[in-house]
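Note that the working numbering has the sequence shown beginning at 764, numbered continuously upward.
A short worksheet on the structure shown next.
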Amino acid sequence: MSDITDYWTAPPDRMVHGGMGQCDITVLQPPFDVDVHNLPANAPARAREFARTFGTVEEVYEDLGVRAANEVPYPAERTDLDVILAGAWGNVLGISDPALADSGDDTPLLYEVGRLRERYPDARIVGRVDFDRGESHTEDIVWLPDGAMFHASGWPGIGPCELTGDPHAVAAALGITDRTLQDIDVDLDADPEEVEWAPFVSLALGSADPWPWSQPEVSVFRVRHTQTHTRRMERLFIPGD
């Protein structure tokens, strides 16, 4: 059996510093106007294949069963960072992975969504990451089949936020009205660091968003992340090692 600790220098029981809120990517393939509760149940074999081919993962090491989609693991020890969630519900694919977290040194979410867009060019791809180490660093992205894209990475309310793409173009392509933006308290013309972007990007999924719910179920896997992602997680979650 493989040893998933190959790339770690910290022991499995080392305490993790910092925590996560959302840390997920959803791939919504046509048709887009679906309700996740009406989709087929999670297909474990497809979910495992999606996890196995995800850019942060080198090997799916162990199947840990299933859990509700909204039961995202909260890492307490280093070994918890090897656990990811993946789901395949008909035309919706999803993954939640702590390797997507960042504190501003990189943009792992943007990179992985770019890879997925090459694989699923007709999909609407949405990603949301919230890493908290006293203050929250967020990374949010929407990438649409017609090429419209929006990505924000930064420290909402306290620090700089790097904005790429065009949130106005994304809103127009999705038919998002000014009234809807007012309802979620998002001003697309405000300074980027003054905006909580996750509610905006969530509009791209609508009722197809699997992550807020106790249904559907997701598959839980213990994985070996790639060496690059393992080293970055170690610097992020276990500073000083």
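Cβ atoms here follow ideal geometry from the backbone N, Cα and C, with glycine treated the same way.
Per DSSP, residue 874 is one residue of the alpha helix (DSSP H) stretching across 871-882. Per DSSP, residue 789 is one residue of the beta strand (DSSP E) stretching across 782-791.
Fully enclosed beta strand (DSSP E) runs of no fewer than 3 residues occupy 820-831 of the region 800-832, in order along the chain. With a beta-carbon spacing of about 17 Å, residue 791 and residue 878 fall beyond the 8 Å limit used to define contacts. In the DSSP assignment, the residues bridged to residue 891 are 787, 903.
Look at the beta carbons and you see the region 811-831 touching the region 977-990: at least three pairs across the two are nearer than 8 Å. Note that the region 964-982 touches the region 821-837; at least 3 beta-carbon pairs, one per stretch, sit closer than 8 Å. Note that the C-beta distance between residue 841 and residue 963 is not below 9 Å. With respect to residue 851, residue 813 sits close: the two C-beta atoms are nearer than 9 Å. Check the Cα spacing between residue 857 and each of 933, 994, 796, 971: the tightest is with 971.
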